[in-house]
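In our numbering, the protein residues as written are 457 to 581.
Virtual Cβ for every residue (Gly too), placed ideally from N, Cα, C.
Worksheet: one structure, shown below.
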């Protein structure tokens, strides 16, 4: 998890969203020198997990986050909750691999110790 907020804010906000604090940690604005659209947050996040960025899926609702994810070498999933699909497609400059209307279109499961993500995507045209 890579967050643009401070560690103090994130440590209070994550539980208020009924989410557990990630066991392996998370990256905040306090942990990187440059935020999105620079790739630092996602490179640091992958390092925290001990896996290469190319094995990660960045889920973002903003063009700058999609650009950061792509620059880090991760696959990217655009979620149209803050911006319309046309805006994400245009402003992300080709930095997205998949696009969904909202997180209801995303299903995650654990298969043989691997995370499997299923999507109901919308057209990218």
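Alpha helix (DSSP H) segment containing residue i, residue limits
| i | result |
| --- | --- |
| residue 469 | 463–472 |
Residue i (DSSP reduced to helix, strand or coil)
| i | result |
| --- | --- |
| residue 499 | helix |
| residue 490 | coil |
| residue 561 | helix |
| residue 518 | coil |
| residue 505 | helix |
Cut-off 6 Å between Cβ atoms - residues of its own chain near residue i, not counting five sequence neighbours on either side
| i | result |
| --- | --- |
| residue 550 | none |
Limits of the unbroken beta strand (DSSP E) element including residue i
| i | result |
| --- | --- |
| residue 575 | 570–575 |
8 Å Cβ cutoff met for residue i and residue j
| i | j | result |
| --- | --- | --- |
| residue 492 | residue 521 | yes |
| residue 553 | residue 531 | yes |
| residue 529 | residue 510 | yes |
| residue 564 | residue 573 | yes |
| residue 478 | residue 488 | no |
Same chain, Cβ closer than 7 Å to residue i, five either side skipped, listed in chain order
| i | result |
| --- | --- |
| residue 548 | 519, 522, 523 and 534 |
| residue 466 | 459, 482 and 484 |
Residues of its chain near residue i, where Cβ-Cβ distance is below 8 Å and the 5 sequence neighbours each way are ignored
| i | result |
| --- | --- |
| residue 577 | 554, 555, 556 and 561 |
| residue 546 | none |
Report the residue ranges of all beta strand (DSSP E) runs contained in full by the region 524–556; include only those spanning at least 3 residues, in chain order. 531–535 and 554–556
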